[in-house]
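Engineer: Quick one: this structure, given as structure tokens, is what I'll be asking you about.
Written as structure tokens, this is what we have:
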């Protein structure tokens, strides 16, 4: 990224207006990310690309992808919960209004009991609501 692009991005983010970021085709994005992180992408250009810079860009992408996953999809909290699909826990969701629910303070742990299955169901519903809005 050149200095002009960096300045333009900083101006967009610093004007206190919401910035929409559209994420699509994660499969291809993750494949490219892997090639950036291990240097394969830059190496495929036979020396005309800077491998170190490619790895740095890959690490930056990885950081942003994980932040999005944590902030929007509760990745860090639910990464060890192996529910095959979102609707599986719908029966545990009591329909509580989640607009003021504090997901960071609800002491969610692995869903081995009904209370934590409900908390996981809340997270699933919050993710669905993000997609619907």
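Numbering (the working numbering), first residue to last: -9 to 123.
For each residue, glycine too, the CB sits at the ideal point set by N, CA and C.
(1) Look up residue 86 in the DSSP assignment and say whether it is helix, strand or coil.
(2) First and last residue of the alpha helix (DSSP H) that includes residue 39?
(3) Can you find the residues in the same chain that come closer than 6 Å, C-beta to C-beta, to residue 63, ignoring five residues on each side of it along the sequence?
(4) May I ask you to report which of helix, strand or coil DSSP gives residue 48?
(5) Near residue 70, what residues of its chain come up, given a Cβ to Cβ distance below 8 Å and the 5 sequence neighbours on each side ignored?
(6) Quick test of your reading: residue 82 and residue 104, contact by CB under 8 Å. State the CB separation rounded to the nearest angstrom.
(7) How many Å lie between residue 84 and residue 21 at the Cα?
(8) Throw me the rounded Cβ distance for the residue 79 and residue 111 pair, which I believe falls under 8 Å.
(9) Hey, how far is the Cα of residue 75 from the Cα of residue 106?
(10) Verify whether the separation of the beta carbon atoms of residue 52 and residue 60 is less than 7 Å.
(11) Are the CB atoms of residue 7 and residue 48 within a distance shorter than 7 Å?
(12) Please list the terminal residues of the continuous alpha helix (DSSP H) segment that includes residue 112.
Structural biologist: Looking at the coordinates:
(1) Note: residue 86 maps to coil in three-state DSSP.
(2) Element bounds for residue 39: n/a, residue is neither H nor E.
(3) Result list for residue 63: 117, in chain order.
(4) If DSSP states are grouped into helix, strand and coil, residue 48 belongs with the helices.
(5) Result list for residue 70: 100, in chain order.
(6) So it is a contact: roughly 6 Å between Cβ atoms.
(7) Looking at the two C-alpha atoms, the distance is approximately 38 Å.
(8) Their Cβ separation, rounded to whole angstroms, is 4 Å, which keeps residue 79 and residue 111 in contact under 8 Å.
(9) Approximately 17 Å, taken between the alpha carbons.
(10) Not in contact: residue 52 and residue 60 (Cβ atoms no closer than 7 Å).
(11) Not in contact: residue 48 and residue 7 (Cβ atoms no closer than 7 Å).
(12) 104 to 122 is the span of the alpha helix (DSSP H), which, as asked, contains residue 112.
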